[in-house]
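As given, the protein sequences belong to chains A and B, one line each in that order.
Quick note: the first sequence uses this note's numbering, first residue 135, plus one each step.
Quick note: the second sequence uses this note's numbering, first residue 135, plus one each step.
Cβ coordinates follow ideal geometry from the N, Cα and C atoms, glycine included.
2 protein chains.
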Amino acid sequence: MDDPGNGGHAALVQLQAYLAQMDHAGETRLPAERELSESLGVSRGDLRKALAVLEKDGRIWRHVGRGTFVGSGPVEETIGISEIAGRTNPADVMRARLILEPEIAREAALHATLSDIAAMRQSLVQTREAVTWRQYENVDNLLHRQIAQASRNNVLLGLFDVLNAVRRTVVWGRLRSEGARPPADHHSFADHERIVEAIAERDLGGAAAAMRLHLQQVERRLIPVREAAE
Amino acid sequence: MDDPGNGGHAALVQLQAYLAQMDHAGETRLPAERELSESLGVSRGDLRKALAVLEKDGRIWRHVGRGTFVGSGPVEETIGISEIAGRTNPADVMRARLILEPEIAREAALHATLSDIAAMRQSLVQTREAVTWRQYENVDNLLHRQIAQASRNNVLLGLFDVLNAVRRTVVWGRLRSEGARPPADHHSFADHERIVEAIAERDLGGAAAAMRLHLQQVERRLIPVREAAE
DNA sequence: AGGGAAATCATATGCGGATTGGTTAAATTG
DNA sequence: CAATTTAACCAATCCGCATATGATTTCCCT
């Protein structure tokens, strides 16, 4: 062979050159090992040794069936809701809501458009018109999501959606007594109105505080009798 | 026909009965419309009218290619990172980090175990030992995730992972100048140490404040020259 | 022995057909 | 003629199988 005993060092040099050239072109996926080994004129074993070095250094990343890519790590393309929901409990979900949603309301108070506020007010009306708990929950969900949308920050909206999906998975099956309709003096009506009004008046702190108060009320009703445990 | 002019009311009644029977069996997916219409002895049009009523009421949910299901809504099983990242920008990501991560640090200060803190301190050392920016970023990522893990709240950890994946997708390609190693007086070293120390001392407010300060520094460096626009 | 090439394995992707809710046009019926 | 049923078609999804790819083992040649 040409360079016996080099232990594949030549392959590493060639591969780094190839990688630099490809990185410049903006391409992220490099050819299959079988092609690349022939293209670079090295054995597949040496190529794999060089790839292993670069992988340990964090410059490339490989996965069976997909290929080899340049970049620090495999960016998770999707997040499984059930994976999160499977290892948690309603209390943790509520804690996360108390952290995230008041600040989302604050952002909404800062960035909401007039049509956003109009949509929220319409949802407020629909909330009172709901004749069954199921309808009420649908409109309630919609209202909370409208607030997240009004933040005009798609990252916050995405986080809200994730949290919402986890919540609905965790508390799945906990239905209220069917048939009954939400009482007219349900705390959420006034809570929601306070939140929307604060957003409409661009009262950042007020919106956050109102949302926090509302969620604390929900928490109190959701976990009615909780001993001092934990 | 049997009951002309009933407008499909008979179909609605039959469908409700079927749904109750099926709901009792624990099954969530009901047969295809073509089968169910024949099974119930009603036309597909009337069946669809009845299904539309139940859908508007929130008792069922349907989607093309999947079927019709009982339940309030389609619980998104997975969230696409690229869907979020595609419609956002680094500033929104930074805003979300500033909202979420300080509160995560606060929770970590409350719930971190001794082994959590030991792992963080080891990461602090590794941060200073990094000889290339890529290594530094890997350890930095690890440290921030360790803090999220120390919150002992899997929902917060999941939200952090989502946010992190979005961040890495959005700022993808913005690599620092290769070759250079992080300077010894990089602000992040002291920032990180303050955060970990506050967590170790169970200083809730201090941990949150230190994290907020750190992220503001990162923001200042990430968006170096930003006019007063927006 | 030792290294390289080929075979083999396990996993991921791509593609075509089948399924299903949504929509429109034709047929039937009173 | 009007209303309703029926059929046909559309778009999105799922499923099975072939293919592609990285990982591992085996074999062969020097």
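### Task
Give the DSSP-derived three-state secondary structure of N303(A) in the structure shown.
The residue you asked about is not Asn; residue 303(A) is Thr in the sequence shown. The answer is helix: DSSP assigns T303(A) an H, G or I state.
### Task
Give the single residue among M254(B), V296(B), V305(B) and D295(B) whose Cα lies nearest to the Cα of A284(B).
M254(B)
### Query
What does R229(B) reach in chain A if we use C-beta pairs closer than 7 Å?
N287
### Task
Could you say which of Q148(B), A334(B), E353(B) and L349(B) lies nearest to A243(B) if we only look at CA atoms?
A334(B)
### Query
Which residue's Cα is closest to the Cα of T303(B): L170(B), K190(B) and I215(B)?
I215(B)
### Query
How about R328(B) and A344(B): do their beta carbons lie closer than 7 Å?
yes
### Query
Looking at the structure shown, is R360(B) part of a helix, part of a strand, or coil, going by DSSP?
Residue confidence is low: R360(B) scores 49 on pLDDT, short of 50, so the model does not pin down where it sits. No coordinate-derived value is stated.
### Limits of the unbroken beta strand (DSSP E) element including G201(A)
G201 to V204
### Message
Quick check on E335(A) - is its C-beta less than 7 Å from some C-beta in chain B?
### Response
no
### Message
I need the boundaries of the beta strand (DSSP E) containing H197(A), first residue and last residue.
### Response
I194 to H197
### Query
According to DSSP, what are the bridge partners of G214(B)?
T212(A)
#### Entry: Within-7 Å CB hit, T212(A) to chain B
yes
#### Entry: Contact check, E237(B) vs I281(A), beta carbons under 7 Å
no
### Extent of the continuous alpha helix (DSSP H) to which V147(B) belongs
H143 to A159
### Message
Contact between the segment 262 to 279 of chain A and the segment 261 to 268 of chain B is defined here as three or more beta-carbon pairs at a separation below 8 Å; is this criterion met?
### Response
no
### Task
Report yes or no: is there a C-beta of chain B within less than 7 Å of the C-beta of R196(A)?
no
### Message
Could you check whether D226(B) and N223(A) sit closer than 7 Å to each other, using their CB atoms as the reference points?
### Response
no
#### Entry: Rounded straight-line distance, which links the Cα of H245(A) to that of E364(B)
Residue placement at E364(B) cannot be trusted, given a pLDDT of 45 that sits under 50; what the coordinates show is reported in the next sentence. So the alpha carbons of these two residues sit roughly 11 Å apart.
### Message
I need the straight-line Cα distance from P316(B) to A264(B), nearest angstrom please.
### Response
8 Å
### Query
Just the Cα atoms here: how many angstroms apart are H348(B) and A159(B)?
54 Å
### Query
Got a sec, what are the start and stop residues for the alpha helix (DSSP H) T261(B) sits in?
L248 to E263
### Task
With 7 Å as the C-beta to C-beta threshold (strictly closer), list the residues of the segment 181 to 192 of chain B near chain A in chain order.
D191 and G192
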